[in-house]
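Enquirer:
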Amino acid sequence: FAGSGRKGVNGLVCNAYEADHSQPLDMKIDEMGQTEAGQKMRIGLYFATWWSLNVVFNIYNKKVLNAFPFPWLTSTLSLAAGSLIMLVSWAAKVVEAPKTDVEFWKALFPVALAHTIGHVAATISMSKVAVSFTHIIKSGEPAFSVFVSRVFLGETFPLGVYLSLLPIIGGCALSALTELNFNMTGFMGAMVSNLAFVFRNIFSKKGMKGKSVSGMNYYACLSMLSLLILTPFTIAMEGPQMWEAGWQTALTQVGPNFVWWVVAQSVFYHLYNQVSYMSLDQISPLTFSVGNTMKRISVIVASIIIFRTPIQPVNTLGAAIAILGTFIYSQVNRSFY
1 FAGSGRKGVN
11 GLVCNAYEAD
21 HSQPLDMKID
31 EMGQTEAGQK
41 MRIGLYFATW
51 WSLNVVFNIY
61 NKKVLNAFPF
71 PWLTSTLSLA
81 AGSLIMLVSW
91 AAKVVEAPKT
101 DVEFWKALFP
111 VALAHTIGHV
121 AATISMSKVA
131 VSFTHIIKSG
141 EPAFSVFVSR
151 VFLGETFPLG
161 VYLSLLPIIG
171 GCALSALTEL
181 NFNMTGFMGA
191 MVSNLAFVFR
201 NIFSKKGMKG
211 KSVSGMNYYA
221 CLSMLSLLIL
231 TPFTIAMEGP
241 QMWEAGWQTA
251 LTQVGPNFVW
261 WVVAQSVFYH
271 LYNQVSYMSL
281 DQISPLTFSV
291 GNTMKRISVI
301 VASIIIFRTP
311 IQPVNTLGAA
321 IAILGTFIYS
331 QVNRSFY
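Take the sequence shown: its position 290, counted from the start at 1, is 290 in full-length UniProt numbering, and no numbers get skipped.
What follows is the structure, encoded as structure tokens:
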């Protein structure tokens, strides 16, 4: 999650980072105050909201997947909820609808494809392993970013960047080797998600450069196109007959609360992304990277407590090393750029 951007007169000029990050509504948040205390309060409010929404999403997402093990449909519903929210916002003129053309959608397609793969792969991972394990492995995304940038784009990095990858790779490996309920599908899902999101950022940088559109609307368009891409594959991989049987089983086991779980995980997926993108618009990328690291820690800790996930001390050590490495990487990489 490293990068920076600049705002144009009519919106956000998207580049590698903010190509799918949302612009806040005109909520006058800046009016909280210009003092240092007001700034700290604002940042604290963003982070608290972001982390809370992210934890809630992950908890309900895992609850749904435990009762209804259909990650393809679950992923589709998350995108559908965000798309519906934005369509209603446009229709009600809460948010001004974007002005796009064919070239915009052509450039957006590879970004949406990578986003779709990453989203589904992460959900598949969550359906097979503990929430904490998925997020530990996903903390290894910087290693994929450096590898892809070096091999496919020919970019070079200072020694400090490469050295910062060692604790990330080592920590993830240690956690994987000591995971009590290790599942290869879950592990590979998290790995594929990392790789897909790296390519999403690359496609954003190359294809969307110079295209001015607000971050909120860009993310809305991305969600809608991803939904169109994903839906036929979801039907092919699972299908209505499987969903009907699984839905009835879940309702029998969980009761009416299951419907709330599905709605909650779908809506909170959009909301936590929305707030995280709003945060980047208000704070520096360096502060954001610190917040993102802490967010992952909050999800891991909360999921272990709520789901009573058994975890060995050495597994905890691996997670701590990997997350620390991610934090170090973000600092070194930021200073490099």
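For glycine and all other residues, C-beta sits at the position ideal for the given N, C-alpha and C.
Keep in mind that this is a model prediction, so the values were computed, not measured.
Compute the distance between the beta-carbons of ILE168 and GLY186, then report whether it is under 8 Å.
Expert: Position 168 of the sequence shown holds residue 168. Position 186 of the sequence shown holds residue 186. Result no, Cβ atoms of ILE168 and GLY186 do not sit closer than 8 Å.
Enquirer: Over what stretch of residues does the alpha helix (DSSP H) that includes ASN58 continue unbroken?
Expert: Here residue 58 is taken as the residue at index 58 of the sequence shown, counted from 1. Note, ASN58: alpha helix (DSSP H), 36-67.
Enquirer: Please list the terminal residues of the continuous alpha helix (DSSP H) segment that includes ARG200.
Expert: Locating residue 200 in the sequence shown gives position 200, counting from the first residue. ARG200 -> alpha helix (DSSP H) spans 184-207.
Enquirer: Look at the Cβ atom of ALA322, then the Cβ atom of ILE300, and state whether they are nearer than 8 Å.
Expert: Sequence index remark: in the sequence shown, residue 322 carries index 322 (1-based). Sequence index remark: in the sequence shown, residue 300 carries index 300 (1-based). Their beta carbons are not under 8 Å apart, which means ALA322 does not touch ILE300 by this criterion.
Enquirer: Quick test of your reading: ILE229 and LEU113, contact by CB under 8 Å. State the CB separation rounded to the nearest angstrom.
Expert: As a working note, residue 229 is residue 229 in the sequence shown. As a working note, residue 113 is residue 113 in the sequence shown. That belief holds up - the Cβ atoms of ILE229 and LEU113 are roughly 6 Å apart, short of 8 Å.
Enquirer: Within the same chain, show all residues whose beta-carbon is closer than 6 Å to that of SER132, passing over the 5 residues directly before and after it, in chain order.
Expert: Along the sequence shown, one-based indexing puts residue 132 at 132. These residues qualify, in order along the chain: ILE300, SER303, ILE304, THR309.
Enquirer: Which two residues bound the contiguous alpha helix (DSSP H) that contains LYS138?
Expert: Counted from its first residue, the sequence shown places residue 138 at position 138. LYS138 -> alpha helix (DSSP H) spans 131-138.
Enquirer: Would the beta-carbon of SER193 fall within 8 Å of that of LYS128?
Expert: In the sequence shown, the residue the question calls residue 193 occupies position 193. In the sequence shown, the residue the question calls residue 128 occupies position 128. No, they are not a contact pair.
Enquirer: Following the continuous alpha helix (DSSP H) through ASN217, name the residue where it begins and the one where it ends.
Expert: Position 217 of the sequence shown, counting from 1, holds the residue named residue 217. ASN217 -> alpha helix (DSSP H) spans 215-237.
Enquirer: If we ignore side chains and look at the alpha-carbon of each, how far apart do ARG150 and ILE306 end up?
Expert: Locating residue 150 in the sequence shown gives position 150, where the first residue counts as 1. Locating residue 306 in the sequence shown gives position 306, where the first residue counts as 1. Their backbone Cα atoms lie some 40 Å apart in a straight line.
Enquirer: Could you check the C-alpha separation between MET27 and ALA236 for me, to the nearest Å?
Expert: The count along the sequence shown starts at 1 and reaches residue 27 at position 27. The count along the sequence shown starts at 1 and reaches residue 236 at position 236. The predicted position of MET27 is uncertain, since its pLDDT is 46 and thus under 50; no value can be drawn from it.
Enquirer: Contact between the region 66-74 and the region 119-127 is defined here as three or more beta-carbon pairs at a separation below 8 Å; is this criterion met?
Expert: Segments in contact, yes.
Enquirer: Count Cβ pairs between the region 169-183 and the region 84-97 that sit closer than 8 Å; are there 3 or more?
Expert: Segments in contact, no.
Enquirer: Just list the alpha helix (DSSP H) runs in the region 73-155, keeping only unbroken ones of 4 residues or longer that don't cross its boundaries, in chain order.
Expert: Qualifying alpha helix (DSSP H) stretches, in chain order: 102-128, 131-138, 141-153.
Enquirer: Do the CB positions of VAL267 and ALA107 come within less than 8 Å of each other?
Expert: On the sequence shown, residue 267 is found 267 positions in, with the first residue counted as 1. On the sequence shown, residue 107 is found 107 positions in, with the first residue counted as 1. Not closer than 8 Å, so no.
Enquirer: Please state whether the Cβ-Cβ distance between SER83 and LEU177 is less than 8 Å.
Expert: Within the sequence shown, numbered from 1, the residue matching residue 83 stands at position 83. Within the sequence shown, numbered from 1, the residue matching residue 177 stands at position 177. In this structure, LEU177 does not lie closer than 8 Å to SER83 by Cβ.
Enquirer: For the alpha helix (DSSP H) containing GLY255, list its first residue and its last residue.
Expert: By one-based count along the sequence shown, residue 255 stands at place 255. Run containing GLY255: none; DSSP gives neither H nor E here.
Enquirer: Just reading off the alpha helix (DSSP H) that LEU174 is part of, what are its end residues?
Expert: Residue 174 sits at position 174 when you count from the first residue of the sequence shown. LEU174 -> alpha helix (DSSP H) spans 159-178.
Enquirer: Is there contact here, the region 95-111 with the region 40-51, by at least three beta-carbon pairs under 8 Å?
Expert: The region 95-111 is not in contact with the region 40-51.
Enquirer: Please list, in chain order, all residues of the same chain as GLU179 whose beta carbon is under 7 Å from its beta carbon, the five residues on each side excluded.
Expert: For the purposes of this step, residue 179 is taken as residue 179 along the sequence shown, with counting starting at 1. The answer, listed in chain order, is PHE133, ASN315.
Enquirer: For GLY246, I'd like the list of residues in its chain whose CB is within less than 8 Å of its CB, leaving aside the five on either flank, ordered along the chain.
Expert: Taking the first residue of the sequence shown as 1, we reach residue 246 at position 246. Correct list, in chain order: PHE68, PRO69, PHE70.
Enquirer: For PHE327, count the other beta carbons within 10 Å of its own beta carbon; 16 or more makes it buried, fewer makes it exposed. Which is it?
Expert: Stepping through the sequence shown from its first residue, residue 327 is reached at position 327. Answer is buried; the Cβ neighbour count reaches 16.
Enquirer: Please report the straight-line C-alpha distance between TYR60 and TRP261, rounded to a whole angstrom.
Expert: Start at 1 with the first residue of the sequence shown, and residue 60 comes out as number 60. Start at 1 with the first residue of the sequence shown, and residue 261 comes out as number 261. When rounded, the distance between both Cα atoms is 6 Å.
Enquirer: Thinking C-alpha only, which one of ASN54, PHE203, ASN66 is nearest PHE258?
Expert: Translated into the one-based positions of the sequence shown, residue 258 becomes position 258. When each option's Cα is compared against that of PHE258, the closest is ASN66.
Enquirer: Exposed or buried, which one is MET184 when buried takes at least 16 other CB atoms within 10 Å?
Expert: By one-based count along the sequence shown, residue 184 stands at place 184. That one is exposed.
Enquirer: Taking 6 Å as the limit between beta carbons, can you name the residues of its chain near SER22, skipping five residues before and five after?
Expert: Taking the sequence shown and counting its residues from 1, the one referred to as residue 22 is at position 22. No answer about SER22 holds up, because its pLDDT of 43 lies below 50 and its placement is not dependable.
Enquirer: Take HIS115 and list the residues in its own chain whose beta-carbon comes closer than 8 Å to its own, dropping the five residues that flank it on each side.
Expert: Here residue 115 refers to the residue found at position 115 of the sequence shown. Contacts found: ASP20, ALA196, PHE197, ARG200, LEU222, SER226.
Enquirer: Identify every residue that forms a DSSP beta bridge with SER298.
Expert: Translated into positions along the sequence shown, residue 298 becomes position 298. For SER298, which the question treats as bridged, DSSP gives no partner whatsoever.
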